[in-house]
Amino acid sequence: MAYQGHVRRVWSLIGVGTVSCVGSIALTLALVHVPGLQSSASGNAGQAFGAAAACASFFVLLYAARSFHQQAEEFRMRRVEMAAQCEELRANREDARLGHESAFRAAEASVRGQHVMLTRMAIEDADLSAVWPGYGAEFDPVRTKQYRYANLIISFQCMSYQLKYNTDDEVLELMQHLFSSPVIHDFWAETRETRNRVTPYGGSMRKFYELAELAFQQYAGTE
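The sequence shown: position 128 = 124 (this note's numbering), numbered continuously.
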């Protein structure tokens, strides 16, 4: 639309210029026949054409200035409109991003809830606990139950970190405190190899386990 308006204005300016030139010639011819301009001393032809050209130039310049001002105003309004559209698109994109993050967190919390339910069932029922892979033949049912509960505690901390409730420094401090529990400390030491093997690289869960391992080593160094 803006381009079409610009083309129309160009053609209008050409039309005005043409009309002005024709009018200038016609005015010149008219002025040449003015009695006061008939003498040779007055240079009637040159004076007549100069006057006509000046009038024509004035009107052409006036129309051109008006046209350029109108064009500039339209461009300004177009910029304002485009800026508003860009801001609307940015807001829609931000809303979509927040909605995606919210849906992702809800889905992740649901999966975590299922994990908690399954682990709790195994803790409360020895027969169901036997379905899960064990921690070794040397562990009695009480120790196995404690390890499953320790796994729940660490999984909860991992979820809090993934949902950005805890920072890296807070995870380090919190995990050092948790490792002061002999059961959690032994559970982490016994499951380090398996955890390192099954945890995907590059995700937030892997980052949490790396922070927890660092906290584990720091706690071991303070003992």
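Every residue, glycine too, gets a C-beta built ideally from N, C-alpha and C.
Please go through the same chain and pick out, in chain order, the residues whose beta-carbon is closer than 8 Å to the beta-carbon of residue i, but skip the five residues on each side of it.
i, result
"Q158", "E104, S200, M201, F204"
"Q213", "none"
"H181", "F175, F212, Y215"
Output needed for residue i: all residues of its chain with C-beta closer than 6 Å, excluding positions within five of it in sequence on either side, in chain order.
i, result
"R221", "Outside the modelled stretch of the chain, which goes from -3 to 219, sits residue 221, for which no answer is possible."
"A126", "none"
"V167", "Y157, L207"
"Y161", "none"
"S38", "Any reading at S38 must be qualified, since the residue scores a pLDDT of 48, below 50, and its modelled position is unreliable; no value is offered."
"P137", "A122"
"E209", "none"
Quick one: residues in its chain with C-beta nearer than 7 Å to the C-beta of residue i, no 5 flanking neighbours on either side, listed in chain order?
i, result
"R191", "Y205"
"D91", "none"
"E83", "none"
If I'm right that residue i touches residue j with Cβ under 8 Å, what's the distance once you round it to whole angstroms?
i, j, result
"T115", "R144", "5 Å"
"A146", "F183", "4 Å"
"L170", "I149", "With 8 Å as the limit, L170 and I149 do not qualify as a contact, their Cβ atoms being about 10 Å apart."
So, is residue i buried or exposed, given that buried needs 16 or more other C-beta atoms within 10 angstroms?
i, result
"T163", "exposed"
"Q81", "exposed"
"F152", "exposed"
"M113", "exposed"
"F71", "exposed"
"Q142", "buried"
"A79", "exposed"
"A102", "exposed"
"A216", "exposed"
"A68", "exposed"
"A185", "exposed"
"A118", "buried"
"T140", "buried"
"E97", "exposed"
Could you tell me which whole alpha helix (DSSP H) segments of length 4 or greater appear in the segment 110 to 142?
122 to 125
Of all the alpha helix (DSSP H) runs that stay within the bounds of the segment 157 to 211, which reach a length of 4 or more residues?
164 to 174, 178 to 194
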